[in-house]
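As numbered in full-length UniProt numbering, residues 1 to 304 make up the sequence shown, in order. Working notes, beginning with the structure itself.
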Amino acid sequence: MAEASSQVANDSESSEFSDIDVDVNDTGNIQNTPTQSWFEEETDMPDFNFTKHNELLVPIPEPAGLVIKFAVYTGVFDDMGEQGHASKVVLHLMSEKLENGHSLYMDNFYNSFDLATSLIQKNTYCTGTLRLNRKNTPVEVKQAKLKKYETIARYSNSVVIKKWRDKREVTYISTKFKNNLVVSTNKRGYNKIKPEPIVNYNKFMSGIDRQDQMQSMPLYDYRLSVLSVLLPKIPKPRLLPSKVNHLLKKHGVGKNGRAIRKSCQLCYTQKIRKDTAYFCDACPEKPSMCQQPCFNTFHSRINI
């Protein structure tokens, strides 16, 4: 799906976008009617999520990252423009999905108390992070200075606004989950206590990470990554042992001033008693052997 440019030059260009919007969105509505295959274990209905839009293209993906609908925003003169733009975008994209008990997961660009109230009145739940400067955010939540793992919550009209501190403070809003603390397992397998809304927000927004990853990957790199998966693995070449430079050395002189001589190892295997003053310093056991022919014969047998 191509990303729209940041300017719409004239009405004809805008109408082209509208044609694409209608075609794709109608197809999405047909193919994405709620079915059992959409379930994520935890919820009775499919869950959708929003990410902060660019200037014109605002998508709504389902948890796996599949974009089922998008809106083309053309500026302040658009039906979704002016005051309350973020809420208008959400309600527009969810217009065919309201009154069905769906759950929305949104980042702090969209979430607000007023939007959460409007959605719950339409039998649609929402969960996500919240900016502290949003209208109707409780003063107690804004001003609370929490210690690590502490939490504060305020409830109104089935909406709960909460703040929790881990490494930093996180403010979030939900009409679906209470402020219960649950055990969450991270990617490394470690268990950690977190608020239930945060756990589910991270779970369902994972599709956005995959979508962002796909959009950020150039087509060339994408094709290479696909080929690397489809093609058989290239076997690594077998490393051959490096040749060792075998040289004869003399044993040296003993305490009596005479040259040290030891039994030739190759002659010994042939039941021949023969002493030699030479040995191979490169071999692990430093075997004694005659200069000729034992030295060459011995190393040709061990093939090094």
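Note that beta-carbon positions come from the ideal geometry of N, C-alpha and C, so glycine has one too.
By the criterion of at least three beta-carbon pairs nearer than 8 Å, the stretch 86-100 is in contact with the stretch 111-129.
Straight across, the Cα-Cα distance linking lysine 167 with arginine 188 is about 18 Å. Under a 10 Å Cβ-count criterion, glutamine 265 is classified as buried, with 16 or more other Cβ atoms of the shown protein chains found around its own Cβ.
In the structure shown, alanine 71 adopts extended strand secondary structure according to DSSP, grouped into three states.
Annotation for arginine 134: Ser112 place their beta carbon closer than 6 Å to its own, counting only its chain and skipping 5 residues before and after. Residues of the same chain with a CB within less than 6 Å of the CB of alanine 277, apart from the 5 flanking positions on each side, are Lys250, His251, Ala259, Arg261 in chain order.
The C-beta distance from tyrosine 105 to tyrosine 201 rounds to 6 Å, short enough to meet the 8 Å contact threshold. DSSP places asparagine 202 in the helix class (H, G or I) of the three-state scheme. Here the C-alpha atom of arginine 238 lies approximately 36 Å from the C-alpha atom of tyrosine 268. By the neighbour-count criterion, in which a residue is buried when 16 or more other Cβ atoms sit within 10 angstroms of its Cβ, isoleucine 234 is exposed. In this structure, DSSP gives threonine 129 an extended state, which the three-state scheme calls strand.
By the neighbour-count criterion, in which a residue is buried when 16 or more other Cβ atoms sit within 10 angstroms of its Cβ, proline 195 is buried.
Between valine 170 and isoleucine 193, the C-beta gap is not smaller than 8 Å, which leaves the two residues out of contact. Taking a contact as a CB-CB distance under 8 Å, the pair leucine 115 and serine 87 counts as one, their CB atoms being some 4 Å apart. In this model, aspartate 221 and proline 232 are separated by some 18 Å (Cα to Cα). For phenylalanine 177, same chain residues with a beta-carbon under 7 Å away, outside a window of 5 residues either side, are Thr127, Glu196, Pro197, Asn200 in chain order.
When the Cα atoms are used, phenylalanine 70 and valine 89 turn out to be separated by approximately 10 Å. About 5 Å separates the CB atoms of threonine 185 and asparagine 191; that is less than 8 Å, so the two are in contact. With a cutoff of 8 Å on beta-carbon distance, lysine 163 and threonine 175 are scored as not near each other.
Taking C-beta atoms under 8 Å as the contact rule, serine 263 and serine 288 qualify, at a distance of about 6 Å.
Around the beta carbon of threonine 129, a 10 Å sphere encloses 16 or more other beta carbons of the protein chains shown; the residue is thus reported as buried. DSSP, read as helix, strand or coil, puts leucine 247 in coil. In chain order, Cys264, Cys267 place their CB closer than 6 Å to the CB of lysine 274, counting only its own chain and leaving out the 5 sequence neighbours on each side. Each of Val159, Gly257, Phe298 was checked against the Cα of glutamine 270, and the nearest Cα belongs to Phe298. In the DSSP assignment, valine 253 falls outside any alpha helix (DSSP H) and carries neither an H nor an E.
Spatial neighbours of tyrosine 172 in its own chain (CB-CB distance under 6 Å, excluding positions within 5 residues in sequence) are listed in chain order as Thr129, Leu130, Lys162, Pro197.
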